[in-house]
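Notes follow the structure.
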Amino acid sequence: MRLNPIIDSLPTTIFEVMSGLARETGAVNLGQGFPDSPGPEDVRAKAAEAVMHASNQYPPMAGLPELRQAVAEHYGRFQGLDLDWASEVTITSGATEALMAATMALLQPGDEVVLFQPVYDAYLPMVRLAGAIPRPVRLQPPLWRITEAALEAAFSARTRMVIVNSPLNPTATLLSDEELSLLARFCVRFDAVAVCDEVWEHLVFDGRIHRPLMTYPGMRDRTIKIGSAGKIFSLTGWKVGFVCAAPPLSAAIAKAHQFLTFTTAPNLQIAVAYGLGKAAAYFEDMRAGFARSRDRMTEALAAEGFAVLPSQGTYFLSIDLPRSGVEADDQTFCMRAVKEAGVAAIPVSAFYAEDPVRTVVRLCFAKKDETLDAGVERLARARRLF
Ligand SMILES: Cc1ncc(COP(=O)(O)O)c(C=O)c1O
Numbered sequence: 002m003r004l005n006p007i008i009d010s011l012p013t014t015i016f017e018v019m020s021g022l023a024r025e026t027g028a029v030n031l032g033q034g035f036p037d038s039p040g041p042e043d044v045r046a047k048a049a050e051a052v053m054h055a056s057n058q059y060p061p062m063a064g065l066p067e068l069r070q071a072v073a074e075h076y077g078r079f080q081g082l083d084l085d086w087a088s089e090v091t092i093t094s095g096a097t098e099a100l101m102a103a104t105m106a107l108l109q110p111g112d113e114v115v116l117f118q119p120v121y122d123a124y125l126p127m128v129r130l131a132g133a134i135p136r137p138v139r140l141q142p143p144l145w146r147i148t149e150a151a152l153e154a155a156f157s158a159r160t161r162m163v164i165v166n167s168p169l170n171p172t173a174t175l176l177s178d179e180e181l182s183l184l185a186r187f188c189v190r191f192d193a194v195a196v197c198d199e200v201w202e203h204l205v206f207d208g209r210i211h212r213p214l215m216t217y218p219g220m221r222d223r224t225i226k227i228g229s230a231g232k233i234f235s236l237t238g239w240k241v242g243f244v245c246a247a248p249p250l251s252a253a254i255a256k257a258h259q260f261l262t263f264t265t266a267p268n269l270q271i272a273v274a275y276g277l278g279k280a281a282a283y284f285e286d287m288r289a290g291f292a293r294s295r296d297r298m299t300e301a302l303a304a305e306g307f308a309v310l311p312s313q314g315t316y317f318l319s320i321d322l323p324r325s326g327v328e329a330d331d332q333t334f335c336m337r338a339v340k341e342a343g344v345a346a347i348p349v350s351a352f353y354a355e356d357p358v359r360t361v362v363r364l365c366f367a368k369k370d371e372t373l374d375a376g377v378e379r380l381a382r383a384r385r386l387f
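Okay, so the sequence shown: first residue is 2 according to this note's numbering, each after it adds one.
The following block contains the structure:
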């Protein structure tokens, strides 16, 4: 049977593979990035109440006005953005749909797209399905920094788009002010649009501040900023995303969205609108809770002799295998860890399409203390296998 070769050649994602093995073997799952807490009770109660008492019919295609207003207000309050909710905010079914709508709406065959490896697994197939050509920039540990030389080599007159993920999954790093300025200069110089995957924007630690690329010189009208309520409220199954962009970009993305999902569950939209209106203290407490888990896991790993790469944001931290005394590549370590030591983790090489970094393993710390402790104890067991 003839199938689309881009889709047909896709492997099952490493997250599915690892979670599947974890289920089969009863392993502690530090692989896939989801918290094992139920999420904020008041936000969940709002969704339940909305199912019973609000409309359950198709909401407006671009999203419920109350949620679009809440998104604009939220980003005004936390990131100093001045967004017009009616012409610059669209609600999607998760950041994933927002990314697909953005690539569908903007790219044409032959366009080039600059993106950064390690790369979130959805980007490459999305770019290729649009007929566009990925131009990956390779980042490497321990700092994973973007340099001017790398951008000079990647950008060309055919560059239409750059896809930027900060805070970056899986490296748990934030782009610095210099890197953001550099990206802005290249986007302006090559007349490229920036698709900014900012799903981890609230998960930043140690007093760090997430700065949207949209606020840099020349970027206001050429940036598509994408957020995810699933990440903000630790409710990853909800799949409620937001796209913020200047009116012509928003209109184009809404046209793609109308034939992808058309709309998103209204009760979840109502609950997210409520959640985004919460006081700053809620978001600070949430961050502090995750930072505590990060520190607990970092200390336990260090005590077992693991070299931990610091985590500035996201739900993740990484271990460096050679510096932890493990003489194996990341895939081998992760496979033996899940099958023989009862703990699932993610090999960072899975985030590279070419020339992968094979020395780093990603761990999710968004877990209860007992899960973290059991996970580290099993990782120590895995380390002794090598
Ligand atoms: C960088 C990045 N982008 C997008 C997503 C998906 O977001 P959503 O669940 O809202 O589609 C994730 C989820 O892990 C992510 O890490």
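Just so it is clear, CB atoms sit at the ideal spot from N, CA and C, and this is done for glycine as well.
A quick note: this is a predicted structure, and the numbers were derived from the prediction, not measured.
1) Put Val309 into one of helix, strand or coil per three-state DSSP.
2) At 3 residues or longer, and completely inside the segment 113-190: list those beta strand (DSSP E) runs for me, N to C.
3) At a cut-off of 7 Å, is Ala281 close to ligand 1 when judged by its beta-carbon and the heavy atoms of the ligand?
4) Below 8 Å between beta carbons: does that hold for Gly34 and Cys365?
5) Leaving out five residues on either side along the sequence, give the residues of the same chain with a beta carbon under 7 Å from the beta carbon of Met127.
6) Spell out the partners DSSP gives Phe317 in its beta bridges.
7) Arg1 and Ile7 look like a contact to me (Cβ under 8 Å); what is the Cβ gap, rounded to whole Å?
8) State the beta-bridge partners of Asn30 as determined by DSSP.
9) Indicate whether Gly314 and Trp145 have their beta-carbon atoms separated by less than 8 Å.
10) Measure the alpha-carbon distance for Gly290 versus Arg159 and round it to whole angstroms.
11) Excluding five sequence neighbours on each side, which residues of the same chain lie with their C-beta closer than 6 Å to the C-beta of Leu22?
12) Could you work out which residue in Leu140, Ser235, Gly343 and Val72 is closest to Glu42 when comparing CA atoms only?
13) What number of angstroms, rounded off, separates the C-alpha of Ser251 from the C-alpha of Thr91?
14) Quick one: grab the DSSP three-state call for Asp390.
15) I want to check one thing, is the minimum distance from the CB of Thr97 to the heavy atoms of ligand 1 below 7 Å?
16) In the structure shown, what three-state DSSP assignment does Phe206 receive?
17) So what does DSSP say about Lys240, is it helix, strand or coil?
18) Kindly give me the distance between the Cβ atoms of Gln80 and Pro168, rounded to whole angstroms, as I take these residues to be in contact under 8 Å.
19) Pro39: buried (16+ other C-beta within 10 angstroms of its C-beta) or exposed?
20) Please list the terminal residues of the continuous alpha helix (DSSP H) segment that includes Gly326.
21) Just the Cα atoms here: how many angstroms apart are Ala96 and Pro249?
22) How is the beta strand (DSSP E) around Gly228 delimited, first residue to last?
23) Glu199: buried (16+ other C-beta within 10 angstroms of its C-beta) or exposed?
24) What's the call for Ile15, buried or exposed, on a 16-neighbour Cβ count within 10 Å?
25) Is the closest heavy atom of ligand 1 to the C-beta of Asp286 under 7 Å?
26) Return the CA-CA distance between Phe307 and Ile164, expressed in angstroms with no decimal places.
27) Sorry if obvious, but does the Cβ on Asn5 come closer than 7 Å to a heavy atom of ligand 1?
28) Using 8 Å as the cut-off, can you tell me whether the segment 285-301 makes contact with the segment 73-87, which would need three or more C-beta pairs spanning the two stretches below that distance?
Let me spell this out:
1) Val309 falls in the strand class under three-state DSSP.
2) You should have 113-118, 134-139 and 160-166.
3) Not so, every heavy atom of ligand 1 lies at least 7 Å from the Cβ.
4) Gly34 is a Cβ neighbour of Cys365, given a cutoff of 8 Å.
5) Result list for Met127: Leu100, Met101 and Thr104, in chain order.
6) In the DSSP assignment, Phe317 is bridged to Cys365.
7) This structure gives no information on residue 1, because the portion of the chain shown stretches from 2 to 387.
8) When DSSP reads this structure, Asn30 sits in a beta bridge with Ala345.
9) No; because the gap between Cβ atoms is not below 8 Å, this pair is not in contact.
10) The alpha-carbon separation between Gly290 and Arg159 amounts to approximately 44 Å.
11) Taken in chain order, the residues that qualify are Val339.
12) Among Leu140, Ser235, Gly343 and Val72, the Cα nearest to that of Glu42 is on Ser235.
13) Answer to the nearest angstrom: the Cα atoms are 7 Å apart.
14) Absent from the model: residue 390. The displayed extent of the chain is 2 to 387, so no value can be given.
15) It does: the Cβ of Thr97 is within 7 Å (strictly closer) of some heavy atom of ligand 1.
16) Residue state, collapsed to three classes: coil.
17) Three-state result, Lys240: coil.
18) The Cβ separation is near 14 Å, so there is no contact.
19) Using a 10 angstroms sphere on the CB of Pro39, the tally of other CB atoms stays under 16, which defines it as exposed.
20) Per DSSP, Gly326 belongs to no alpha helix (DSSP H) and is neither H nor E.
21) Cα-Cα distance, rounded: 20 Å.
22) Residues Thr224 to Ser229.
23) So Glu199 counts as buried.
24) With at least 16 other beta carbons inside 10 angstroms of its own, Ile15 counts as buried.
25) At a cut-off of 7 Å, the beta-carbon of Asp286 does not count as near ligand 1: no heavy atom of the ligand is closer than that.
26) Taking C-alpha positions only, Phe307 is separated from Ile164 by approximately 32 Å.
27) Outside the cutoff, so no.
28) For the pair of segments examined, the segment 285-301 was found not to touch the segment 73-87: the number of CB pairs separated by less than 8 Å stays below three.
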